[in-house]
Each structure stands twice: as C-alpha cells, then as structure tokens.
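Using the UniProt record's numbering, read the sequence shown as starting at 1 and increasing by one per residue. Structure first, then comments.
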Amino acid sequence: MCKGPGNQNIKTWLDEWDRVYTEALNIDLPEVKGNRPMEDFLMAVESKDPHFTSTYMMKLEDGEINDIYTLAERFRHRLRLKAIYQPNKSTTHTAFAAEATNTATASKLDASKSDASKSEASKSKASYKGNKKDKPDCLCGWKHFYNECYYLNKTTRPSSWSPNAETQARVDEAMKEPKVKKFVEISLQRSRDFQAKKSNDNDNNKAREAYPSFSAAVSRGSYSTGTKTSIYDSWILDSGSDTHLCNKSMEN
Numbered sequence: 001m002c003k004g005p006g007n008q009n010i011k012t013w014l015d016e017w018d019r020v021y022t023e024a025l026n027i028d029l030p031e032v033k034g035n036r037p038m039e040d041f042l043m044a045v046e047s048k049d050p051h052f053t054s055t056y057m058m059k060l061e062d063g064e065i066n067d068i069y070t071l072a073e074r075f076r077h078r079l080r081l082k083a084i085y086q087p088n089k090s091t092t093h094t095a096f097a098a099e100a101t102n103t104a105t106a107s108k109l110d111a112s113k114s115d116a117s118k119s120e121a122s123k124s125k126a127s128y129k130g131n132k133k134d135k136p137d138c139l140c141g142w143k144h145f146y147n148e149c150y151y152l153n154k155t156t157r158p159s160s161w162s163p164n165a166e167t168q169a170r171v172d173e174a175m176k177e178p179k180v181k182k183f184v185e186i187s188l189q190r191s192r193d194f195q196a197k198k199s200n201d202n203d204n205n206k207a208r209e210a211y212p213s214f215s216a217a218v219s220r221g222s223y224s225t226g227t228k229t230s231i232y233d234s235w236i237l238d239s240g241s242d243t244h245l246c247n248k249s250m251e252n
C-alpha cells in the first residue's frame with residue numbers, strides 16, 4: 001500500500017488502492033488500523049504531488065483528517081483541479097494532467113449515473129453544444145464554460161431544473177478554494193460584461209435602422225458675367241455657408 005503509481009494510470013491505481021484497502025479491512029489486518037493507511041497513502045502519492053503529502057501529513061498530525069476515504073477523495077479532487085488549471089505546463093505535467101483528465105472524466109460519468117433526475121441530465125446536455133474538445137472541464141464534472149453551468153450561473157437555469165445533491169456538494173467544495181472561487185467569479189463577470197455589450201450594440205443598430213441617413217455633396221465654383229448689376233460692388237454673404245460671392249475685381 002506504500003507503493004506509488006509510478007507510470008501506471010493514476011485513476012487505475014487509485015481504484016486498485018481502494019480495493020486492496022477494503023479487502024484488508026474486511027480481514028482485519030493490523031496494517032489498516034489507526035492512521036497507518038492514511039500515512040501509507042500519503043507516502044505513496046508523494047511522487048505525484050509532494051505539496052499534497054506535506055499538507056495533509058500536518059492535517060493528519062493535528063487530527064483534522066481521520067478517514068482514508070475522505071483523504072483519497074480530496075486527492076482525486078486535487079487531480080481534477082490540476083487538470084483544469086495547469087494543463088501542458090511541461091512534459092511531466094502534461095502526462096500528469098492527462099492522467100488527471102481521465103480521473104475527471106470518470107468522475108463525470110459516475111456523477112451522471114448517480115443523477116436521479118433524467119430531465120436534469122437531458123437539459124444539462126442541451127447547454128453543451130458545439131465541439132466539446134474546445135471546452136474545459138467544469139467543476140460540476142461536465143465539459144462546458146462556467147457561464148453555461150447551471151450550478152455556477154443561476155441566470156442560465158431553466159425554471160424546472162433542480163440540482164443533483166452530490167454534484168452540488170462537489171461544486172461547493174471546489175468553491176471553498178479562494179483561487180478557484182476568484183477564477184470562476186472573474187469568468188462569470190466577463191461573460192456578463194460581454195452579454196451587456198452585445199445587447200447595447202444591438203440596441204444601437206436598431207436605433208440606426210430606425211433613422212436612415214443620406215449623404216450629399218457640395219462643390220465650389222466661380223462664375224463670371226459681362227453685365228454689371230446693382231450688386232456689382234457688393235459682397236453677398238450667406239450666414240449658413242462658409243462660401244461667399246464676390247466679383248473678381250473685389251477679391252483682393
């Protein structure tokens with residue numbers, strides 16, 4: 001149980017670890033008593049995530065963690081977050097992110113199977129239009145943008161929609177991370193700003209269509225005549241024009 005995943009798929013390794021632990025628990029092995037299994041788990045995943053191991057070792061010593069299943073689920077959740085926020089950082093991280101993505105995909109399938117309402121599943125799928133490969137993994141487990149998520153963006157929810165308790169709990173847990181919460185809020189605000197600008201542009205276009213415009217051209221010219229008139233020595237001023245009339249002999 002102390003052996004890490006190495007090059008093995010992390011999702012497969014975690015499932016196998018759970019199976020071995022459960023079997024050891026059923027036959028009452030001393031190795032699964034007290035904090036021993038949690039210490040073994042943390043040491044096994046240290047090569048994948050040293051920060052997680054050091055953090056939860058301290059929590060274990062302080063008595064904040066006393067359940068191996070909770071610890072394993074938090075590690076899975078951390079893998080999902082890394083897959084979302086740290087893709088393709090380096091060759092090593094790329095492989096790690098790929099494994100974490102498999103974990104996120106499996107969690108998504110598990111969540112969809114546990115959804116009690118078929119109507120929720122069908123309505124949720126309706127919001128995931130377009131090429132799913134271009135969309136990121138959401139905190140709810142699906143592939144879509146945050147502004148399309150019924151759990152994160154209340155304005156998109158259909159009136160008949162109701163959340164799945166397990167999925168809602170997963171989202172709430174993820175939002176407890178300050179960085180994650182800030183990232184989601186910024187994303188949702190950008191979406192609202194974009195929609196507001198789009199609506200304003202549409203209103204302006206409608207206003208321009210309601211009042212059509214026209215263009216006119218004005219040309220300058222000079223004219224002469226051989227006949228003297230009563231205004232021969234006069235200027236003709238037009239207050240509405242920047243061009244005035246005069247006889248050529250008076251132009252200087």
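By construction, the Cβ of each residue, glycine as well, lies at the ideal position given by its N, Cα and C atoms.
Residue pairing of Lys143 in beta bridges, as defined by DSSP: Asp137. When Cβ pairs closer than 8 Å are counted between the two stretches, the region 173-180 is seen not to touch the region 190-209, the count staying below three. Here Val45 carries a coil assignment [DSSP, helix/strand/coil]. The continuous stretches of alpha helix (DSSP H) do not include Tyr150, and DSSP gives it neither H nor E. Per DSSP, reduced to three states, the secondary structure at Leu79 is helical.
Between the alpha carbons of Leu14 and Ala72 lies a gap of roughly 8 Å. The criterion of a C-beta distance shorter than 9 Å is satisfied by Glu177 and Leu81. Taking every protein chain shown into account, the CB of Lys154 has fewer than 16 other CB atoms within 10 angstroms, so this residue is exposed. When Thr167, Gln168, Thr156 are compared, the shortest CA-CA separation from Leu188 is found for Thr156.
Assignment of Pro50 by DSSP, reduced to helix, strand and coil, places it in the helix class. It is roughly 43 Å from the alpha-carbon of Pro158 to the alpha-carbon of Pro5. When secondary structure is reduced to three states using DSSP, Met38 falls in the helix class. Taking C-beta separations shorter than 6 Å and ignoring five residues to either side along the sequence, the partners of Glu46 in its chain run Thr53, following chain order.
By the CB criterion at 9 Å, Arg74 and Tyr56 fall inside the cutoff.
Between Tyr146 and Ser191, the CB-CB gap stays under 9 Å. Considering only His77, Pro136, Trp161, Cys140, the residue with the shortest C-alpha distance to Gln168 is Cys140. Its Cα nearest to that of Thr70, the residue Phe41 stands out among Asp49, Ala83, Phe41, Lys48. Per DSSP, reduced to three states, the secondary structure at Lys33 is coil, with no helix or strand assignment. Inclusion of Tyr21 and Ile68 in the CB contact set at 9 Å is warranted, their separation being smaller than that value. Secondary structure of Trp17 (DSSP, three-state): helix. Going by DSSP, Glu64 is part of no alpha helix (DSSP H) at all; its letter is neither H nor E.
Comparing alpha carbon positions, the residue from Lys48, Lys182, Asp62, Arg78 closest to Asn7 is Lys48. Around the CB of Met58, fewer than 16 other CB atoms lie within 10 Å, so the residue is classed as exposed. For Arg157, there is no enclosing alpha helix (DSSP H), as DSSP gives it neither H nor E.
Classified as buried, Glu148 has 16 or more neighbouring CB atoms from the shown chains inside 10 Å of its CB.
Within a 10 Å sphere around the beta-carbon of Arg78 sit 16 or more other beta-carbons, which makes this residue buried.
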